[in-house]
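Heads up: the structure comes next, in structure tokens.
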Amino acid sequence: ACTGKEKVDEKEPAKTDDKDKDTEVEEEEEEPAEEEAVGVDFPLDTTNSEAAIEDGEMIYALVSSDPFEGTLNKVFYSGAPDAEVMQFFDEDLLAVDGDYLITSDGAASFELSEDNKTITLSIKDGVNWHDGEPVKASDLLYAYELLGHPDYTGNRYTFTISNVEGMPAYHDGTADTISGIVVSEDEKTISITYDVATPSVMSGIWSAPVPRHYVGDVTTGDVTIDDILASNTIRTEPIGFGPYKVSKIVPGESVLYERYDEYWRGKPGLKSVVLKVVAPGSVVGALEKGEIDLASVPVDQYNVLKEVQNIELLGQVDTAYTYIGFKLGKWDAEKKVNVMDPNALLADKRVRQAMWHAMDNEVIGEKMYHGLRFPATTLIIPVFDSFHDADNPGRPYDPEKAKALLDEAGWVDVDGDGIRENAEGEPVVLNFASMEGGDVAEPIANWYIQNWEDVGIKVQLYEGRLHEFNAFYDLIETDEPGIDIYQGAWGTGTDPDPEGLYGDTASYNYTRFVSEKNSELLAAGTSEDAFDADYRKGIYNEWQELMVEEVPVAPTVYRYELFGVNKRLVNYTIDAANLDNKYPWKWGVSQADPVK
Amino acid sequence: MSLLKVNDLKVHFPIRGGFFKTVVDQVRAVDGISFEIEPGETYGLVGESGCGKTTTGRAIIGLNNITEGEVLFEGTDLAQLSGRKKRAQSRDIQMIFQDPYSSLNVRKRVLDIVAEPLRNYERMSPKEELDKVQALIERVGLGPEAVYKYPHQFSGGQRQRIGIARALTLNPKLIIADEPVSALDVSVQAQVLNFMQDIQKEFNLSYLFISHDLGVVQHLCNRIGIMYKGRLVEEGTADEIYSTPQHLYTKRLISAIPEMDPAKRLEKTHLRQAIDDEYRTDYDNYFDDEGRLFDLKKISDTHSVAML
Amino acid sequence: MLIFILRRILIMIPQLLLLSLVIFVLAKAMPGDAVTGAFMGNPDVTPERMEEIREKYGLNDPWYEQYGAWIQKFVKGDMGKSYVHNQPVTQLLAGKLGNTVLLAFCTLIVSYLIAIPLGIIAGRWTDSWFDKLIVGYNYFSIATPIFIFALLMLFFFSFHLGWFPFGNSVDIRYDVGSWDYFVSKAKHLVLPTLSGAILGTAGTIQYLRNDIIDTKLKDFVKTARAKGVPEGRVYTRHILRNSLLPIAAFLGYEITMLIAGSVFIETIFAYPGLGQLFITSIGGRDFTVVAALVMISGAAVIVGTMLSDIILGIVDPRIRID
Amino acid sequence: MVKSVLEIKNLQTSFRIKDNYYAAVDDVSLTVHENEVLAIVGESGCGKSALALSIMGLHDKKVAKLEGQINFRDQNILNLSPAKLNKIRGKDLGMIFQDPMTALNPLSTIGAQIVEPMKYHLKLSSADMKKRTLELLRRVGIKNENRVFSQYPHELSGGMRQRVVIAIALACDPVLLIADEPTTALDVTIQAQIMDLMKELQTQMKSGIVLITHDLGVVAEMADRVAVMYAGEVVELAEVNELFRKPLHPYTQSLFSSIPSNIKDKGRLHVIEGMVPSLQALDRNGCRFAPRVPWIAESEHENNPKLHEVEPGHFVRCTCYKNFHFRPEESEGDNHVFA
Amino acid sequence: MKADVVTDKNVLIAEAKANNQSFGKTIWREIKNDKMALGALVVFIVILLAAYISPFFLDVKVVTKIDFHKIYLPPSAEHWLGTDKGGRDIFGQLMIGARNSITIGVVITLIAGFLGLTIGLISGYFGGKVDFVIMRILDFLMVLPTLMMIIVFVAIVPKFNVWSFIAIMSVLLWFGKARLIRSKALSEKELDYVNASKTLGTPNWKIMVFEVFPNLSSLVIVNMTLTLANNIGIETGLTFLGFGLPESTPSLGTLISYARTPDVIQNKLWVWLPASLLILVMMLCINFVGQAIKRASDARQRLA
Ligand SMILES: Nc1ncnc2c1ncn2[C@@H]1O[C@H](COP(=O)(O)OP(=O)(O)OP(=O)(O)O)[C@@H](O)[C@H]1O
Ligand SMILES: Nc1ncnc2c1ncn2[C@@H]1O[C@H](COP(=O)(O)OP(=O)(O)OP(=O)(O)O)[C@@H](O)[C@H]1O
Ligand SMILES: [Mg+2]
Ligand SMILES: [Mg+2]
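Same order as they appear, the protein sequences are chains A, B, C, D and E.
Per the working numbering, residue 80 is the first one in the first sequence, and the count goes up by one each step.
Per the working numbering, residue 171 is the first one in the second sequence, and the count goes up by one each step.
Per the working numbering, residue 7 is the first one in the third sequence, and the count goes up by one each step.
Per the working numbering, residue 493 is the first one in the fourth sequence, and the count goes up by one each step.
Per the working numbering, residue 15 is the first one in the fifth sequence, and the count goes up by one each step.
Okay, structure coming up:
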């Protein structure tokens, strides 16, 4: 596949406070590194301790092979590149902590009601849009009005939004207002009431306001949503209340920001910021030449990158994992539930366990990714420190164990061709679907096929090739009968709740795995009780255990993400817990020219 | 009964123009000509370039569509025939082309060229075919090895003779010769002309001989038709045309033949000047009100002129 | 002339309509649609929601109804809305079209600047040392895959020497219209232009060379020499003028070829233009954009050939267009 | 004594064919006098055009090699530098080409093409040049000269174009005009007009003309003296009346008797046997015509035949003319098939 | 004496038979006389042989076996041209890839050539209404932006493999040829040898196939050799853009498109350079041979 196809939107850096939850990740274009990693312990913060100069300028690379789409509004944008553009001039009212849970450190503070159903936000003083207007509570209401608007076609009308009381009625057009949202007289506070209480509110609430006065009001009929979409107020002259204001945009290519002196947290650290799109292949060269100060770098270039003298490399584990899914049933479109098929080829969990044991992910991580990927153990990633069960070893590479499990399951080689027949003694060839995505997808798919063949399971690529993103999901989503195994990847977003991917009514539960225990645990994980973190952790540990036992999917690798930073940068971090520096306003440079 | 009778033949080509490229006018390439050819006779068709000679020939043999009029060959209208009959009839009329280079397919050996009509009309074993072709080739004065050669290995005159051999294969009754010698050098031309005369005697052929070289026409033809702007302006025996031309255009044409006696060249120049003057002054008298040449009118048994 | 243009435009209409139908059907036949492209894999967007959006976009109507609705708008100049960019396609294209046309134009000029002198030299001094070199270069340019060449250009001139920027069309820090802006724009154009131009000369050189060799032998050239025209002038006044004619006539065609062929160059140099947009849009199943781009290319071909005919009609007295 | 304008001495023009040079014009010596039309006749490929192009210096140096002398006004054209040659070409030497369809630049107006030689050779203002051009056009018999001036070649008929070609050749009042088959591509009536025009112009201008043709009719109408060429050599040279009255060389005789209008009774035409040998196959030592008259005994031919002056001004090459007769059984057929 | 004549005759006939120059022979002679073309032909044949014979010695399974312990090994005795990102042998892939690429190029050229030839010939030969209709269709097809259409088709086709690739390309690459052939056929049919055949009673289809076609053959052969080079190249380009053949079908394009990251292009030449050079060499060879054939078809330019 080519760079042009990559679906990047889910690959957002953790620092952007996007509210999306679990999302699909396409394998990005990554090259294996040839030498072994010397140790994959990257710093999270820059080490430059000099003071930032007064009128510095930073050049930020938006690493993408495509231009950014340029819908610069949190309600309407669709791609991650746009989110990166917005981070400099706009922000959410609520800040989040290291666990991605909301705090009151942002431009607004919040309070949760007793019954956990109502959340009240109070906007702090001095929070003003770039045009000088104060940010009002009704601006946040406006965001909800847009999100729920019948004409809204974006992808953010999600559960957290529709869960707001009165939202469905408003969305259907049967109500003019959203009954669950109340704005105070003084436009300083806003309270939002939900139909169902869920801890997801702590990580999922929408708190990005839209400047009603600036983009125009659809509720009064002044403008339509299409007008807004076509309008320069969200394209080339957007405003926000973030640390920098947009001074100029060359659509798709670059943005020039200027310091917004009245930023509510204080005077930002840079006089100006230039953001420009840099193709993944050019990132290293640009960093080395000092053309850019900051870039998320493709891991495949780690090898070259670590030799580059004028930059620092920051890295951390990404909010995503790759997995192998076993097709176990079908989606019942009528009832909107997943239905397991007891006759599925891989209905026996021992076979699935064996297949997991057979996969040598260690080598992939070390050889191809230079240690920047490592074998995954459970379905809740280590990023969620408090929920990831570090003690659960998953199913490490162990071909002997795999063989034993297969023997146990009755999959033995009857006819002596080195390939096992199934319990009924029939020869089996499993069809494996995998997505195109960078240069590594193909070798990895074939590597697994070889791994499986080593333990005696014959697997072949579905249709003999990898599938392009759209085609792949067409196949998986429709439960194409020919496919038995597939390789996918999920971005988890910032909410640990796996319900959307593994619930019995979740359409994204592509394996169609259902079990009572599973449903029970998932429900418990988001129940009111789960506002108690320990309780929740217990539940999720149990769930992780269950998934390692049942193996509807076998997670393969967790991944690191890397950032290259010019040594003149100060106060920069990728650490979500570093509440001071994770927002752009403090970022600065210690000298006028980049270190070369 | 005459072998070929052409009756008020018209061939018009559409001129397209205007916004939608519709037919806005017609090129009247041949605009109502009539003549007859008797068996064994050579009929010459003469006129300046673009007057419609070639078109007439092509219309007779069926390469051009006839707009109006009829072409009777041995009494049957060729245009009315169809399918098998037409095929049967059309083997009796053959054509010799002007350009000995383009009229032979350079990618074929002489054998295949000359045998082409045989393969179309007759079933012969390869041996018979080869014999027949070889006989023909020798008849036109080429060595037997010639059948295995390609056209580019021959000179213009030889090529023209191969073309003639091809036309003779089916023993036609009428041969339409469209300027068969104008691309050839004088001495080669003589060769071909002699040869045409020989085979005419031998096979009792009739020729429709199209040319603009009056010397050649005079040498070869019994009767001559003079064409001008798609019409016949004069028709008669070779003698009549050359000794007593009646139509102004004929006179002009004849006066243009270079004088072969250097001593008389001044005379000839003066004659040309005189006819030119006449041509200028009398030109309009030869056309009717619509600007069309008059129909032919007999002035003797064999001689007709297009005059009032 | 006017009639000629009018007629050509009249012919163009059914052609474009047919093209629109073809591309519409094809775009629809691609697996997935814009909604899949945008929302697939986002668990928060339920299948119902996706259906709802499809319904809103009219993606569930029978294709002919969708086509009818789309083409009606299209005729009025509304190319629909990009699903991925959430923006009217016309607006989306505006900037990129300019970039692509500029690039195509510069490439054309530079390739002519290279090709015409070389073609002339090769044609005039056939079989000379120069000629052999030029013919060699020609072979090289035909045989080298453009993307390898472009990549090498990029690595050498940008990465190693640092002479030229890595991508994009201009440095944002300069004000539109200022000298710096102009210089920056030019700097961004150099590599894409050169890569395209250096490999794009083969046709012209070969054509010119052959044509000059042919024209050299024409009778009217002998006439010119017989008039006592000096050799140099024979070339400039008689041979060249005749040989350049077809090149002028190819102009319109070449531009359209360059616009269509911009995909590689734009992708490699991250130059935001139509080619790059096309590839992105195919991936995102943004079929309004795909369709619009195909229509534009189709129209460009038609206009290009028309332009060629008009140019030829103007420069060649033998050809009258009406 | 009439002055000679052109003196060709032992001219040999050879073409390179695969590393060897073969003479297409072999040891030709001719003189053209003022106010005289020298016709050169011969069949296709005998070297007529090669001779004409040699005089004009129009051969491509890479393929053609020229030896001997071409003296034009006491300068040997062969030794002139290109610049000097260009001073003569178009000025004192004019050339008329055979095919009026291709001899004109399709992209220039008629006016521009006639003006062009004046620009290089005459010091005239552009208004004067235009005036002169219009006058020239009138002189070559074009009536609406103002219109023709700004027309393009394709807008004119063949006859008109040939007149334009003539006008170009006459543009700077040449002393010597070389006309390579000026009428061959034209219709009979047009041919007559062009012939008359050339005769008329010649009487006015008093220049020498080299008229190349294969049409004896044209020769009879126009020439003062005639050179007959065969296979690169001049085989007979005589005053026109003399030649037509008493052609001597076998080739000349054959040529005359193969013309239809010379045969009164529709009898058989004379056919020259065999073919013109190609440059490479030509036997250059004996009589070049010998292979085509095989019934003439070898002894009749000369070795390395010379031009003999049989009568004052009448030259014939090779002694074979003396006892020449047509093949007796000739009327029986032209081919060995019947032999 | 008589016998003499007869043998003489036979000798002559035999000689003529031997000397009759078919177009094929002319081409061969032309190539023989051009050292470059001859060399190019030899090289090309060697490449062809290598590509088509090597599979008998190469185990595809072994060549395409992933071995992550052998990633990006530089050339060595074991791996002549080193290994790629999956630890696969480049040399093996090069051989298999060359075969695939050449097969694709040749088959596309043949099919597109056949389509273009047939349709162009019919259109040009019959002229009139047939021509009008075909030309209008062609006019339309010419408007299609080829590269874009190919990409759209590639996106649509579900089972994308060598054959569907060939089908897509062939369907979209014949228009130009049809036009070329048509215009040539149009002028060819005006020539008298066609008229002659008509008057001799030869049916139209025979004239088309046996008279006109052979006269277009030189044009066709020249055009096909020159487009062969292009067609091999176009696969490479599409693969680079991500619309080419899957990696499981190695082609030269696959190998070259590995050269997408700075690291590979700068430091791992062995991965992409051999394939690039192979393409370059093949293109040059085909072009040299093509030029010789072109000269052979044009008597004016012939060297021999
Ligand atoms: N296919 C055609 N379409 C349109 N016009 C044609 C066509 N064929 C011939 N003409 C026109 O018909 C007229 C007669 O042409 P034709 O070829 O019969 O003349 P010709 O007497 O044979 O002339 P030439 O001596 O030059 O061969 C010419 O004006 C020619 O332009
Ligand atoms: N450039 C050339 N290279 C090689 N041979 C040539 C060249 N030009 C002419 N010849 C040969 O020289 C000989 C004389 O040619 P030339 O053109 O002078 O004949 P010609 O008498 O003018 O014939 P025509 O009446 O056909 O014009 C011919 O055999 C011809 O093939
Ligand atoms: Mg004619
Ligand atoms: Mg000549």
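Heads up, the beta-carbon is just placed ideally off N, CA and C, and yes, glycines get one too.
Keep in mind the model is a prediction, meaning the values are calculated, not measured.
Spatial neighbours of residue i in its chain, beta-carbon cut-off 6 Å, leaving aside the 5 residues before and after
i       : result
Q367(B) : none
A671(D) : I588, L703
L599(D) : none
G825(D) : Any reading at G825(D) needs caution, since the residue's pLDDT is 41, under 50, leaving its predicted position unreliable; the model's value is listed next. Counting only Cβ-Cβ distances below 6 Å, and skipping sequence neighbours, we find nothing.
Neighbourhood of residue i by C-beta, 7 Å cutoff - its chain only, sequence neighbours within 5 removed
i       : result
V117(A) : In this predicted model, V117(A) has a pLDDT of only 41, less than 50, meaning its place in the structure is not dependable; the value taken from the coordinates is given anyway. The answer is none, since no qualifying residue turns up.
I660(D) : Q605, I606, P609
S68(E)  : M109
E559(D) : Q504
Chain-ordered neighbours of residue i on chain E, where CB pairs are closer than 8 Å
i       : result
Q380(A) : T275, P276, D277
Chain B contact residues for residue i, given Cβ-Cβ distances below 9 Å
i       : result
P228(E) : N275, V276, R277, K278
G709(D) : G385, I427, P428, E429, M430
Residues that residue i contacts on chain D, provided the C-beta gap is smaller than 8 Å
i       : result
K233(C) : R581, G582, E608, P609, Y612, I660, A663
Cutoff 8 Å; reference residue i; Cβ partners in own chain excluding five residues on either side
i       : result
M477(B) : Q416, H417, Y456, F464, K467
Chain-ordered neighbours of residue i on chain E, where CB pairs are closer than 7 Å
i       : result
P522(A) : I80, K99, G100
Partner residues on chain A for residue i, Cβ-Cβ distance less than 9 Å
i      : result
H83(E) : V442, K446
Where residue i meets chain C, residues with beta-carbon distance less than 7 Å
i       : result
M587(D) : A232
Contact list for residue i against chain B, beta-carbon separation under 8 Å
i     : result
I9(C) : F189
Practice task
Check whether the region 493-512 of chain A touches the region 224-240 of chain E, taking contact to mean three or more Cβ pairs, one atom from each stretch, closer than 8 Å.
Solution key: no
Problem - Three or more C-beta pairs below 8 Å linking the region 77-90 of chain E and the region 265-276 of chain E - result: no
Handout entry: Residues within the region 737-765 of chain D neighbouring chain B, beta-carbon criterion of under 8 Å
Key = S746, L747, S750, I751, P752, S753, N754, I755, K758, R760, L761, H762, V763, I764
Handout entry: Sequence-ordered residues whose beta carbon comes within less than 6 Å of a heavy atom of ligand 1
Key = Output, sorted by chain position: F183(B), V197(B), A199(B), G217(B), S219(B), G220(B), C221(B), G222(B), K223(B), T224(B), T225(B), H382(B).
Practice task
Decide yes or no for the touch test of the region 243-256 of chain A against the region 313-322 of chain A: beta carbon pairs closer than 8 Å, at least 3 of them.
Solution key: no
Exercise for the section: Please name the residues in the region 197-211 of chain E whose beta-carbon is closer than 8 Å to at least one beta-carbon of chain B, in chain order. Expected result: L205, D206, Y207, N209, A210, S211
Exercise for the section: Could you list the residues in the region 115-142 of chain C with a C-beta less than 8 Å from some C-beta on chain E, going in chain order? Expected result: none
Practice task
Assess, as a yes-or-no matter, whether the region 280-293 of chain B is touched by the region 231-246 of chain E under the definition of 3 or more beta carbon pairs within less than 8 Å.
Solution key: no
Practice task
Please name the residues in the region 519-538 of chain D whose beta-carbon is closer than 9 Å to at least one beta-carbon of chain B, in chain order.
Solution key: Result list: E535, S536, G537.
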